[in-house]
Each structure stands twice: as structure tokens, then as C-alpha cells.
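Working notes for the structure below.
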Amino acid sequence: MYTFDWVSKRADLSPDKIALVDAAWVSDPRLPRRGDHRHRGGGTAAAGQGIGELVHGLYEPSGGDRLRGRGIGPGAGRGREVTAMPRMRVGDAHLYYELHGPEEADVLVLSNGILMSTASWVFQTPVLSRHYRLLLYDCRGMWQSDHPPGPYAMNQHADDLAGLLDELGIERAHIGGISYGGEVSLTFALRYPERTRSLIIADAVSRVDPWLRTVVEGWIVAARTGDPQTFFNATVPWNFSPEFVRLHPNLMAQALERYTHLDYDAVVHLCECFLAFNVLDRLGEIAAPTCVLVGEWDILKGRMYAEEIAASIPSAELHVIPGAGHATCWERPETFNSALLGFLTKQG
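If you're matching positions, the sequence shown starts at 1 in our numbering and goes up one per residue.
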């Protein structure tokens with residue numbers, strides 16, 4: 001039986017700071033622009049300063065640490081080096097990845113949601129990388145990784161991650177992700193149990209029911225138009241709580257700008273991959289300690305799905321994040337981070 005914990009609400013980042021971070025995220029020169037085909041072939045993507053300095057300012061690391069390196073991260077100080085190795089060949093695709101934090105620390109992997117990039121972990125990177133060697137990456141079909149022709153498969157994503165870990169010389173890691181990344185993480189834990197030290201599943205599902213299928217099929221129809229406004233209208237109401245949308249109109253405008261940079265063919269492949277996902281009957285095979293998180297107001301992959309996962313994994317605990325919609329790592333970052341660190345600390 002899983003344990004249940006309603007995570008207490010803490011003061012999170014103010015609306016102006018969130019808007020500032022998202023503005024930097026949209027303007028980050030590392031992200032490919034429409035018509036930029038760097039993500040389709042080999043080589044390395046350009047790296048820019050992007051949001052790194054802003055993140056450093058938001059979290060104000062103690063001890064006078066200064067940002068070094070490129071990309072996102074808390075920067076350096078002793079033992080907290082940032083390593084951004086842009087791309088690694090894994091099978092038939094180059095995957096973009098970043099490593100943050102001390103080299104000697106335990107490795108924590110976070111996999112993106114379907115529309116996220118590594119930059120989306122802006123509120124987690126400077127906090128988690130103080131304690132862990134944090135590996136962020138784009139799945140095939142996402143942003144700076146290759147976008148090979150579909151179809152894609154969850155087993156393929158899990159094998160991609162295993163291949164990336166192989167190339168980096170990482171045998172075992174804490175494996176986690178949000179939404180689509182949570183489903184990749186569940187698949188990884190089932191295919192590579194010996195490499196899964198613990199499991200973190202945020203705002204994800206173990207199966208696609210008819211209602212969720214209808215929602216995502218609507219996303220596919222919108223993506224096939226190639227129109228950013230149409231896709232924005234189809235997806236954003238599901239991804240954020242009404243309160244968050246009301247408090248952050250500037251962020252919504254910036255999200256629309258970001259949608260002009262999407263590869264909509266790849267988005268369709270990712271959505272179709274998700275629609276084929278179903279591991280509910282296998283969750284009992286997962287032996288790794290598991291942390292399941294869900295936003296109180298998540299209307300896309302809400303509490304029903306989280307409880308189903310937590311009840312099916314023998315050593316799972318469930319955390320409900322008050323006041324958060326689907327994007328818990330953005331809407332309540334401090335509460336989200338606190339839950340993750342509390343869980344990871346118990347793993348030794």
C-alpha cells in the first residue's frame with residue numbers, strides 16, 4: 001500500500017520572477033527557431049548564455065558562488081561545476097543533454113514533458129544540482145535533439161536514455177520526469193530495473209483512457225495545422241491551472257511565441273507515441289522506491305491517474321501539490337522541489 005502525503009504549501013516564486021524567467025527562456029539562443037534544421041542532423045547546437053545568469057540571481061547560491069560555463073545551472077563554486085555537452089550520438093539519433101552539479105554526486109535524471117525543453121527545469125536545476133549530478137536531456141523529437149521520422153515508441157525513448165547513460169559512463173541513477181517524461185521513466189524502470197535507483201513520476205499516467213485519448217487526438221489535429229495559435233488554444237488550458245493563467249498573462253503570451261518554434265511533425269509523432277502507452281498491468285513489477293507527484297488542479301493527468309500508479313507500485317508514496325495544475329514544477333516550484341528532495345534524501 002502506498003503512503004500518502006499532502007505536501008504543505010510554501011511561498012513560491014513571485015509572478016514577476018516567473019515572467020522574467022520565461023522571457024529569458026523564449027529568447028534563449030540555444031532553442032531552434034522555425035526553419036532552423038540544426039536539430040535534424042549531426043553536429044552540435046549553438047550554446048548561449050540564455051537563462052543561466054537569471055537563474056543564478058533568483059536562487060542566490062550562498063558562499064559567493066559565481067556562474068561559470070554555459071546554459072542553465074547554478075554555476076560553479078567549489079564542487080558545483082556545470083557541464084553542458086551539447087549532443088551525443090545514441091543509436092540513430094543525436095540527443096542534446098546537460099550535466100549539472102558535482103561529478104562525485106549521485107546521478108538524477110529528469111525527462112521532459114512533451115512540449116518541454118531542458119530549459120523548462122529552470123526552477124529545479126539550481127536547487128537539485130547542489131545535491132545531485134543532474135542530467136537533463138531532450139528526447140528524440142524534442143527541441144535540440146534530432147527529430148528523425150516517426151513513428152516513435154516509449155520503449156525506444158527508454159532505450160535512448162539507457163544508451164545516453166552508457167555513453168556517459170553512468171550505471172545507475174535516480175530516474176524521473178514530468179508528464180511525457182514520467183511515462184518515459186516508468187518505461188525505463190520496467191526495461192532497466194537494475195539501473196533504476198529510485199523513480200520519480202510527476203503528473204503522468206500509466207495508461208491512456210478514452211477521455212485522455214480524445215484530448216490528445218485534438219492536440220494532433222491542432223498540430224497538423226502548423227498554426228501556433230491553434231495549437232496554443234488546444235493545449236494551454238490543459239497544462240496550467242486557471243489561477244496560474246490569470247496571474248501570469250505575460251507568460252501566456254511568451255508561451256505562444258515559443259510555439260512558433262515547434263516542429264509540429266515531431267509533435268504529432270510524440271503525441272501518437274503517447275496514445276499507444278499502457279503499462280498499468282506491469283506496475284507491480286517495479287521494485288524501486290517511487291515518488292508520485294500530482295498537482296491538485298491538474299485536469300489533464302490528475303489525481304485519479306496518480307493514485308492508480310501509486311497504488312500499483314509496492315513501494316510508492318503519493319504527494320499532492322496544492323494549488324498546482326499540470327505544470328507542477330512551474331506553478332509550485334518550491335513545493336515540488338521540497339517533495340523531490342525529501343524523497344531522494346530518504347534513499348541515502
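C-beta atoms are modelled at their ideal positions from N, C-alpha and C, and glycine is treated no differently.
Every value quoted in this text rests on a predicted model; they were computed, and no experiment measured them.
- Message: Taking the beta strand (DSSP E) that His326 belongs to, which residues open and close that run?
- Response: Residue 326 sits at position 326 when you count from the first residue of the sequence shown. Looking at the DSSP string, His326 is not in any beta strand (DSSP E), and its letter there is neither H nor E.
- Pairwise C-alpha distance: Pro228 and Thr44: By 1-based counting over the sequence shown, the position of residue 44 is 44. By 1-based counting over the sequence shown, the position of residue 228 is 228. In this prediction, Thr44 scores a pLDDT of 27, lower than 50, which makes its location untrustworthy; the coordinate-derived value is nonetheless stated afterwards. Cα-Cα distance, rounded: 27 Å.
- Message: Assuming Leu190 and Arg89 are in contact, meaning their beta carbons sit under 8 Å apart, how far apart are those beta carbons, in whole angstroms?
- Response: Working through the sequence shown from its first residue, we reach residue 190 at position 190. Working through the sequence shown from its first residue, we reach residue 89 at position 89. About 25 Å separates the two Cβ atoms, so there is no contact after all.
- Message: Taking only three categories from DSSP, how would you classify Phe336?
- Response: As a first step, residue 336 is located in the sequence shown; it is residue number 336 there, counting from the start. Of the three classes helix, strand and coil, the one that applies to Phe336 here is helix, per DSSP.
- Message: For His269, report the span of its alpha helix (DSSP H) as first-last.
- Response: On the sequence shown, position 269 is the one that residue 269 refers to. 264-275 is the span of the alpha helix (DSSP H), which, as asked, contains His269.
- So is Asp166 buried or exposed if we call it buried at 16+ other beta carbons inside 10 Å? Numbered from its first residue, the sequence shown carries residue 166 at position 166. When all chains shown are included, Asp166 counts as exposed.
- Message: As a quick exercise: from Ser312, Glu272, Leu300, Ala255, pick the residue whose alpha carbon is nearest that of Ala288.
- Response: Position 288 of the sequence shown holds residue 288. Nearest C-alpha to Ala288: Ser312.
- Task: Scan the region 97-177 and note each continuous beta strand (DSSP E) run of 3 residues or more that stays entirely inside, going in chain order.
- Result: Those beta strand (DSSP E) runs which fall completely within the region 97-177 and span 3+ residues are 107-111, 133-137.
- Message: Measuring alpha carbon to alpha carbon, tell me which residue in Ala222, Met154, Trp143 is nearest Asn181.
- Response: Here residue 181 refers to the residue found at position 181 of the sequence shown. The sequence given here has Gly at residue 181, not Asn. Measuring from the Cα of Gly181, the nearest candidate turns out to be Met154.
- Query: For Ala189, which of helix, strand or coil comes out of DSSP?
  - Reply: In the sequence shown, the residue the question calls residue 189 occupies position 189. Note: Ala189 maps to helix in three-state DSSP.
- The beta strand (DSSP E) enclosing Ala253, as first and last residue numbers: Start at 1 with the first residue of the sequence shown, and residue 253 comes out as number 253. Element bounds for Ala253: not the beta strand (DSSP E) but the alpha helix (DSSP H), 249-259.
- Run of the alpha helix (DSSP H) containing Ile220, from where it starts to where it stops: Residue 220 sits at position 220 when you count from the first residue of the sequence shown. Start and end: 210-225.
- Item | Same chain only: Cβ atoms within 8 Å of Ala222, ignoring 5 sequence neighbours per side | The residue given as residue 222 occupies position 222 in the sequence shown. Closer than 8 Å at Cβ, skipping near neighbours: Thr230, Phe231, Asn233, Ala234, Thr235.
- Query: Ordered along the chain, which non-local residues of its own chain (more than five positions away) have a Cβ less than 8 Å from that of Trp297?
  - Reply: If you number the sequence shown from 1, residue 297 lands on position 297. For Trp297, where only same-chain residues beyond five positions count, the Cβ hits under 8 Å are Ser241, Pro242, Glu243, Gly323, Ala324, Gly325.
- Message: For Gly101 and Arg130, which I take to be in contact (beta-carbon distance under 8 Å), what is that distance rounded to the nearest angstrom?
- Response: Locating residue 101 in the sequence shown gives position 101, counting from the first residue. Locating residue 130 in the sequence shown gives position 130, counting from the first residue. The Cβ separation is near 7 Å, so the contact holds.
- Message: Nearest by alpha-carbon distance to Val215: which of Ala327, Thr260, Cys271 is it?
- Response: Sequence index remark: in the sequence shown, residue 215 carries index 215 (1-based). Comparing Cα positions, the closest option is Cys271.
- Message: Please classify Ile18 as buried or exposed, where buried requires at least 16 neighbouring CB atoms within 10 angstroms.
- Response: For this step, residue 18 is matched to residue 18 along the sequence shown. Bear in mind that the predicted position of Ile18 carries a pLDDT of just 35, short of 50, making it too unreliable to give a figure here.
- Task: Just mark Thr345 as buried or exposed, buried being the case when its beta carbon has 16 or more other beta carbons within 10 Å.
- Result: Here residue 345 is taken as the residue at index 345 of the sequence shown, counted from 1. Exposed, because fewer than 16 other Cβ atoms sit within 10 Å of the Cβ of Thr345.
- Message: Buried or exposed, going by whether 16 or more other CB atoms sit within 10 Å of the CB of Ser349?
- Response: A query on residue 349 cannot be resolved here, the shown segment of the chain reaching from 1 to 348 and no further.
- Please go through the same chain and pick out, in chain order, the residues whose beta-carbon is closer than 6 Å to the beta-carbon of Glu171, but skip the five residues on each side of it. Residue numbering aside, residue 171 sits at position 171 when the sequence shown is read from its first letter. Closer than 6 Å at Cβ, skipping near neighbours: no residue.
- Query: What is the DSSP secondary structure of Ile201, counted as helix, strand or coil?
  - Reply: On the sequence shown, position 201 is the one that residue 201 refers to. Here Ile201 sits in strand by DSSP.
- Message: Can you check which of these residues, Arg213, Asp138, Trp219, Ala105, is closest to Tyr96 by C-alpha distance?
- Response: Start at 1 with the first residue of the sequence shown, and residue 96 comes out as number 96. Considering only alpha carbons, the answer is Asp138.
- Rounded to a whole number of angstroms, what is the C-alpha to C-alpha distance between Pro193 and Gln347? To locate residue 193, count along the sequence shown from 1; it is residue 193. To locate residue 347, count along the sequence shown from 1; it is residue 347. Spanning the two alpha carbons is a distance of roughly 16 Å.
- Does the beta carbon of Thr187 sit closer than 8 Å to a beta carbon anywhere in chain D? Any reference to chain D falls outside this structure, which holds one protein chain only.
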